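Trainee: The structure under discussion is supplied below as structure tokens; questions concerning it will follow.
Put into structure tokens, the structure is as follows:
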């Protein structure tokens, strides 16, 4: 996870090398990518029961994290 955070930090620094990424952007990017990965991975796993709309609990939590991360990243972008 620390390696992945370093990759995101380097990627964000290359986008705007003259300034630091806004506070929290690296962590939010990590949360977003992890939630998308976890959401997709849960389709392969078969140990969690289906909760609603064909999705299980970890997928619903991942969707909530994706929505929160995107909302917060958009708010950071507007600053």
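Residue numbers (the working numbering): -14 to 64.
No residue lacks a Cβ here, since even glycine has one placed at the ideal position from N, Cα and C.
Quantities reported herein were computed from a predicted structural model and do not represent experimental measurements.
(1) Can you list, in chain order, the residues of its chain whose CB lies under 6 angstroms from that of residue 58, leaving out five sequence neighbours each side?
(2) Could you please give the first and the last residue of the uninterrupted alpha helix (DSSP H) stretch that includes residue 12?
(3) Out of -13, 36 and 17, which has the shortest C-alpha to C-alpha gap to residue 53?
(4) Tell me the rounded alpha-carbon separation between residue 21 and residue 63.
(5) Do you know how far the Cα of residue 34 is from the Cα of residue -10?
(6) With a cut-off of 8 angstroms on the beta carbons, I'd call residue 10 and residue 61 a contact; round off their distance for me.
(7) How is residue 37 classed by DSSP in three states: helix, strand or coil?
Mentor: According to the structure shown:
(1) Taken in chain order, the residues that qualify are 13.
(2) Start and end: 10 to 26.
(3) 17
(4) The straight-line gap separating the alpha-carbon atoms of residue 21 and residue 63 is approximately 23 angstroms.
(5) Those two C-alpha atoms are separated by around 32 angstroms.
(6) Right, the Cβ-Cβ distance comes to about 6 angstroms (below 8 angstroms), so this counts as a contact.
(7) Here residue 37 sits in strand by DSSP.
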